[in-house]
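Asks: Below are the structure tokens for one structure; questions will follow.
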Amino acid sequence: MISYRQHIKETIKLAFPISVGQLGHIMMGVVDSVMVGKIGSAPLAAASLVNGLFFLIVVLGFGMTLAIAPLIAISKGENNPSECGRILNHGVLVNLIFSIILMILVIILSYFIPSLNQPPEVTELSISYLQILSLSIMPFIIFSCYRQFLEALAIPNPPMWIALAANILNAFLNWVLIFGNLGFPQLGLDGAGFATTLTRWTMMLFLIYFVLKNEKLKDFFPKINFNKIDRALIKKITNVGIPSGFQYFLEVGAFSFATIMVGWLGKIPLAANQIALNLASISYMVILGISFAGTVRVGTAFGEKNFVKVRRSGFSAIVLSTSIMFCSGIILILFRKLIPSIYIDDNDVIAVASNLLIIAAMFQISDGLQATGIGILRGLTDVRIPLFLSFGAYWLLGIPSGYLFGFILNFGAVGVWLGSFVGLTSLGVILLIRFNRNTKI
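Using this note's numbering, the first residue of the sequence shown is number 89, and each one after it goes up by one.
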């Protein structure tokens, strides 16, 4: 029987490139924020608002792609390679249709930004920026489909390298389009939107090309084929994907609504909120890598019907994620005043951001616990009950607590973030208990 130490090593081996790839994605947002911050606090605040609203919608599609990995991992564990290609093809079809629907929703959402009671200069910049980003939804989601396919087969390196290389392209396009270099017009925040969109289309095309041309993957039949549609398989994908999407929607929605509440306090707290969210998101992307690795390893063991391996795979992911998040919290506390100064030269914004980073440090372990808990339960295709647990933790506990601390007790932006701490902690503990109960032998 494989020891917990060996399970942790195997989890690290799979999670490391996934986490690096996730960091590659989030670093695009960090680079955007740093470069946009150079043109003022209003564009930075608008970027914070729009990114929150954008991912509030797009995360539904991202969650739908997450059905692909556990289903393929289970098929791999059952030694059924042809089913892996069928799941990929049906997953791409479902998400292609879904991404078009989400693009339309994001465009409609942009016209409701004036009703969010944000500072006028922030509102004006946000509308066009969100509309531009809507064009990046399809490549973002389809890239995720193929990445899930590769990660479920324990081939995480190609998406990682593409995500890292994309940062170079995105930074270059930002330099050209935000600041108007090489003879291009100076587009400001809109330039960042066009840069992100072009980068995501490039990422998608490169990854599809790799999957279709790689000889080692031919046994899994990844070739695009929509001729034979299996409605039962589509139902299976949506039964896992829709709850997964809504679970992330509830999480991102809670943080987006928290961002809106911070916006009620003015553009300085909102800009500080963007900085703190960017930094907290870096560690979260690492944990998402561990969560996805946990999904794959638990799913594969589940397909093998090796229930001791299922349990050890899940708990090794939990131990790894909480250890990393503890270290992350220490770093945020130690450098809480230094790091925000990289983003913006505004002492008022830096002061608020440094206080928010203390709260971010407090909920690092809780965040790691809930993210990994969701992942390992998904490996068991246990997604419905965690969805309702997420709703209760984020919206019935976290958001009301944030309003209580932030506005009734007058703790301001720090109080709003304290509410997030309450929601994340309660959810993390409950998910750990659920996995432990569901995997008892």
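Note that beta-carbon positions come from the ideal geometry of N, C-alpha and C, so glycine has one too.
Is the segment 107 to 127 in contact with the segment 241 to 256, if contact means three or more CB pairs nearer than 8 Å?
Replies: Segments in contact, yes.
Asks: Give the straight-line distance between the Cα atoms of Phe337 and Ile412, rounded to the nearest whole angstrom.
Replies: If you number the sequence shown from 1, residue 337 lands on position 249. If you number the sequence shown from 1, residue 412 lands on position 324. If you take the alpha carbons of Phe337 and Ile412, they lie about 25 Å apart.
Asks: Classify Pro273: buried if its beta carbon has 16 or more other beta carbons within 10 angstroms, exposed otherwise.
Replies: Locating residue 273 in the sequence shown gives position 185, counting from the first residue. Pro273 should be labelled exposed.
Asks: DSSP on Glu239, reduced to helix/strand/coil?
Replies: Numbered from its first residue, the sequence shown carries residue 239 at position 151. Here Glu239 sits in helix by DSSP.
Asks: Kindly list the residues whose CB is nearer than 6 Å to the CB of Leu148, restricted to its own chain and excluding five residues on each side of it in sequence; keep chain order.
Replies: In the sequence shown, the residue the question calls residue 148 occupies position 60. The residues are Gly333, Phe337.
Asks: Using the rule of at least 16 other Cβ atoms within 10 Å of the residue's Cβ for burial, across every protein chain shown, is Pro202 buried or exposed?
Replies: Walking along the sequence shown from the start, residue 202 turns up at place 114. With fewer than 16 Cβ atoms within 10 Å of its Cβ, Pro202 is classed as exposed.
Asks: Counting pairs of Cβ atoms below 8 Å between the segment 354 to 373 and the segment 114 to 131, do you hit three or more?
Replies: The segment 354 to 373 vs the segment 114 to 131: in contact.
Asks: With DSSP as the reference, label Thr388 as helix, strand or coil.
Replies: Reading the sequence shown from its first residue, position 300 is the one you call residue 388. Three-state result, Thr388: helix.
Asks: Suppose you measure from the CA of Leu475 to the CA of Lys101; what does that come to, to the nearest Å?
Replies: Looking up residue 475 in the sequence shown gives position 387. Looking up residue 101 in the sequence shown gives position 13. Each residue's Cα considered, the two are about 29 Å apart.
Asks: How big is the Cα-Cα spacing for Leu293 and Ile496?
Replies: Here the question's residue 293 lines up with position 205 in the sequence shown. Here the question's residue 496 lines up with position 408 in the sequence shown. The alpha-carbon atoms of Leu293 and Ile496 are separated by roughly 50 Å.
Asks: Quick one: residues in its chain with C-beta nearer than 7 Å to the C-beta of Phe51, no 5 flanking neighbours on either side, listed in chain order?
Replies: Because the chain in this structure spans residues 89 to 529, residue 51 falls outside the shown range and cannot be described.
Asks: Can you give me the Cβ contacts of Arg235 inside the same chain, cut-off strictly under 6 Å, excluding the 5 residues immediately before and after it?
Replies: As a working note, residue 235 is residue 147 in the sequence shown. Once the five neighbours on either side are set aside, the close Cβ partners of Arg235 are Pro247.
Asks: Please confirm if the segment 254 to 267 is in contact with the segment 173 to 184, defined as three or more CB-CB distances below 8 Å between the two stretches.
Replies: As far as the Cβ criterion goes, the segment 254 to 267 does not touch the segment 173 to 184, which means the pair count is below three.
Asks: Whole-angstrom Cβ separation of Leu445 and Ala364, contact assumed at under 8 Å?
Replies: As a working note, residue 445 is residue 357 in the sequence shown. As a working note, residue 364 is residue 276 in the sequence shown. Their Cβ separation, rounded to whole angstroms, is 6 Å, which keeps Leu445 and Ala364 in contact under 8 Å.
Asks: Which residue from Thr153, Arg466, Asn435, Pro428 puts its Cα closest to that of Val398?
Replies: By 1-based counting over the sequence shown, the position of residue 398 is 310. For the residues Thr153, Arg466, Asn435, Pro428, the minimum Cα distance to Val398 belongs to Arg466.
Asks: Keeping to the same chain, check which residues put their C-beta closer than 7 Å to that of Met37; ignore five residues upstream and five downstream.
Replies: No answer is possible for residue 37: it lies beyond the span of the chain, which begins at 89 and ends at 529.
Asks: Taking 7 Å as the limit between beta carbons, can you name the residues of its chain near Gly341, skipping five residues before and five after?
Replies: For the purposes of this step, residue 341 is taken as residue 253 along the sequence shown, with counting starting at 1. So the list reads Leu144, once near-sequence residues are dropped.
Asks: So, is Cys172 buried or exposed, given that buried needs 16 or more other C-beta atoms within 10 angstroms?
Replies: Locating residue 172 in the sequence shown gives position 84, counting from the first residue. Under this definition Cys172 is a buried residue.
Asks: For the 8 Å Cβ check, are there 3 or more pairs between the segment 425 to 436 and the segment 472 to 488?
Replies: Judged by Cβ distances under 8 Å, the segment 425 to 436 makes no contact with the segment 472 to 488, as fewer than three pairs qualify.
Asks: Could you work out which residue in Glu209, Tyr482, Pro310 is closest to Ser454 when comparing CA atoms only?
Replies: Taking the first residue of the sequence shown as 1, we reach residue 454 at position 366. If we check each option's Cα against that of Ser454, Tyr482 comes out closest.
Asks: By alpha-carbon positions, which one of Val437, Ala449, Ile432 ends up nearest to Ile418?
Replies: Position 330 of the sequence shown, counted from the first residue, corresponds to residue 418. Residue Ala449 is the option with its Cα nearest to Ile418.
Asks: Would you identify the three-state DSSP class for Gly402, choosing helix, strand or coil?
Replies: Indexing the sequence shown from 1 puts residue 402 at position 314. It is helical.
Asks: Is it buried or exposed for Phe231, if we count other Cβ within 10 angstroms and need 16 for buried?
Replies: Position 143 of the sequence shown, counted from the start, is the residue given in the question as residue 231. Buried is the call here.
Asks: For the putative contact between Met573 and Thr285, defined by C-beta atoms under 8 Å, what is the C-beta separation to the nearest angstrom?
Replies: Residue numbering for the chain in the displayed model covers 89 to 529; residue 573 lies beyond these limits and cannot be assessed.
Asks: From Gly516 to Gly329, what does the alpha carbon distance come to, in whole angstroms?
Replies: Reading the sequence shown from its first residue, position 428 is the one you call residue 516. Reading the sequence shown from its first residue, position 241 is the one you call residue 329. Roughly 21 Å separates the two Cα atoms.
Asks: Run the CB neighbour count on Gln94, radius 10 Å, all protein chains shown included, and call it buried at 16 or more, exposed below.
Replies: Here residue 94 refers to the residue found at position 6 of the sequence shown. Result: exposed.
Asks: With 16 other CB atoms within 10 Å as the buried threshold, where does Cys415 fall?
Replies: Locating residue 415 in the sequence shown gives position 327, where the first residue counts as 1. Its Cβ having fewer than 16 others within 10 Å, Cys415 is exposed.
Asks: Please list the terminal residues of the continuous alpha helix (DSSP H) segment that includes Val299.
Replies: Stepping through the sequence shown from its first residue, residue 299 is reached at position 211. Looking at the DSSP string, the run of the alpha helix (DSSP H) that includes Val299 is 277 to 301.
Asks: If you follow the alpha helix (DSSP H) that Gln94 is in, where does it begin and where does it stop?
Replies: Along the sequence shown, read from residue 1 onward, the residue named residue 94 stands at position 6. Segment 92 to 125, the alpha helix (DSSP H) holding Gln94.
Asks: Using a 10 Å radius around the Cβ and a threshold of 16 neighbouring Cβ atoms, would you call Leu422 buried or exposed?
Replies: By 1-based counting over the sequence shown, the position of residue 422 is 334. When all chains shown are included, Leu422 counts as exposed.
Asks: Compute the beta-carbon to beta-carbon distance between Ile160 and Ile175, rounded to the nearest angstrom, for a pair I have assumed lies under 8 Å.
Replies: Within the sequence shown, numbered from 1, the residue matching residue 160 stands at position 72. Within the sequence shown, numbered from 1, the residue matching residue 175 stands at position 87. Going by Cβ atoms, the distance from Ile160 to Ile175 rounds to 5 Å, so yes, they are a contact pair.
Asks: Within 10 angstroms of the Cβ of Val210, are there 16 or more other Cβ atoms? Answer buried if so, exposed if not.
Replies: On the sequence shown, position 122 is the one that residue 210 refers to. Burial call: buried.
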